[in-house]
Amino acid sequence: MSGQTCSTDVVVLGGGPAGAACALRLARLGHRVTLVERAPRGRPHVGESLPPTVLPLLAELGLRERIEAAGFLRPRGALVQWDDAPHELNHDGPEPGFQVDRGHFDALLLEAAEAFGVNVLQPLGARAPRVDGDEVQVPLDDGRVLQASYVIDARGRRGAMNARAPATAALYAYWRGVIGLGARTRVEAGDDAWYWGAPLPDGTFNATVFVDARRCAGLDPWQRRALYRELIARSDLLGPSLDSAVCGPLQVCDATPRVDAEPISERLIKAGEAAFSIDPLSSQGVQAALRSALQAAACVHTMARREGSQALVQRFYGEQVERAASRHARLAAGFHAAAARHREHGFWQARRGAAQAPATRRASQPLPALHERVRLDPAAGFECVPALDGAFIIEATAVMHPALEAPVSFIDGIPVANLLAPLDTTPTVRELLQLWRNDYGDTRAVSLLASLWRQGIVAAAPAR
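One rule links them: number in our numbering = place in the sequence shown (from 1) + 778.
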């Protein structure tokens, strides 16, 4: 077997959510995909909390029913103590998210990928890919060489990535015999750290403490464990219930938000945490990885099927990675700023970030009457940008507005240029809704108007 060259269309390195989702998507689009994962299947991994907003992504990947049938815990809210008193934080919407066993969750994604023809090599390590003209060679630890047109690196945080916040370490352990904590996730801000805890389907409880990385530097395993136990004892939401429980082995990992400055080239694409990692406060790490996987798969599919698309694709993916990293950094800074208002420790002050100006929205202003005329807000404009359209990256017209975080090419799946074109004639609200009803149906037309009005994109027209 040593020295054998095996040909495939795409090699995916890494079998976590981003790698498995990327491989699955590309296989469904007709590509021959080989996925290489060093760790055995079912490995434990942090990142067990999936918010309800992950459901549309799972549905898009064809995974929703598989995940819903897996028997994961589905808590409807969290207990949060971010100031002085704990309060219930309930998820909006009719359906809850998941509290998963990541080993089982990741295995389910890999099984789905295999069912669609992905060749999974696991456990097996891979060395650095080598680009040779129009091909990429990936040497494997067993002596074989994979030869492909594209490689997607989804192996997580590797190499020199730019930090977007002060270095943070996560100290975590799985506890047994925990009584009285219930099914809810628990989140708490301490004086110089923050806490996250949640039960898992196997009956264990993950208790994690996030601290400045410098507090762990130079500590031996016993000292790190002592620091962890001391911090857990200080927690109001976790300490009392864990006092008599059995603590498993302590583990430490990097929790610093980071971004890769060059996440894509003509033959190599980084996906998931290989491209960017976010602050775990939002519990959106897996969701961000799945979204990144869908975008990376579309990039490969477009470059493989549409000649001359490399520049457009590279611009798209670079912009998406930067925007996602920046958006999550702003959200995290807001959470840290809220805690910093009550705490003077440098841990919080260093992470609070600069204050962000709120987006211009009219959430409280009622919709205009049916006889009133409307127009495109004068602050809005149009630009041609790369955009994701189904399985391909295309150049599309996008609307720009101060209320939008980024140019928007599609709204509810509708090309924005088509949707907003009727505003050129300053129609009445009744006329606009009638036009939209003909194309999109009654309910959707009203929803579109409400959304565009709330964001300030549609505005009242001056009286004639």
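C-beta atoms are modelled at their ideal positions from N, C-alpha and C, and glycine is treated no differently.
TODO: Compare the beta carbon distance of P1035 and A891 with 8 Å and say whether it is the shorter of the two.
DONE: no
- [ ] Assign C1077 to one of two classes, buried (16 or more other C-beta atoms within 10 Å of its C-beta) or exposed (fewer than that).
- [x] buried
TODO: Report the residue from S1013, A976, F1113 and A1181 whose alpha carbon sits nearest the alpha carbon of Q877.
DONE: A976
Task: When G960, G1159 and Q782 are compared against M1178, the one with the closest alpha-carbon - done: G1159
TODO: Could you check which residue in W860, L1213, A1199 and P830 has the C-alpha nearest to that of E846?
DONE: P830
Task: Minimum C-alpha distance to A967 - residue among A1033, P864, Y1006 and V909 - done: P864
TODO: At 4 residues or longer, and completely inside the stretch 960-1027: list those alpha helix (DSSP H) runs for me, N to C.
DONE: 999-1012 and 1017-1020
TODO: Since I believe L1046 is in contact with P907 (beta carbons under 8 Å), could you give me their beta-carbon distance rounded to a whole number of angstroms?
DONE: 6 Å
Open item on the list: Less than 8 Å between the C-beta atoms of W974 and T982, yes or no?
Closed with: no
- [ ] Could you tell me whether the Cβ atoms of A1110 and L1145 are closer together than 8 Å?
- [x] no
Open item on the list: At a cut-off of 7 Å, would you count R992 as near the ligand SAM, judging by its Cβ distance to the nearest heavy atom?
Closed with: Among the components of this structure there are no ligands whatsoever, and the ligand SAM is therefore not found.
Task: Inter-stretch contact (C-beta, 8 Å, three-pair minimum) for the stretch 1149-1157 and the stretch 1182-1196 - done: no
Task: Within the stretch 1073-1127, ranges of the beta strand (DSSP E) (whole runs, at least 3 residues) - done: none
- [ ] Take D861 as the anchor and find which of V909, G855 and F1113 has the nearest alpha-carbon.
- [x] F1113
Task: For A1199, the first and last residue of its enclosing beta strand (DSSP E) - done: Premise fails: A1199 is in no beta strand (DSSP E) and is neither H nor E.
Open item on the list: Checking 8 Å against the spacing of the C-beta atoms, do S785 and Q925 come in under that value?
Closed with: yes
Open item on the list: Is the separation between the beta-carbon of A1053 and that of Y928 shorter than 8 Å?
Closed with: no
- [ ] Measure from the alpha carbon of F1125 to the alpha carbon of each residue in H869, V789, D969 and H882, then state which is nearest.
- [x] D969
TODO: Identify whether L802 lies in helix, strand or coil by the three-state DSSP scheme.
DONE: helix
Open item on the list: Looking at the secondary structure, which residues open and close the alpha helix (DSSP H) in which A1208 lies?
Closed with: Inspection of the sequence shows that residue 1208 is occupied by Arg rather than by Ala. V1207 to Y1218 is the span of the alpha helix (DSSP H), which, as asked, contains R1208.
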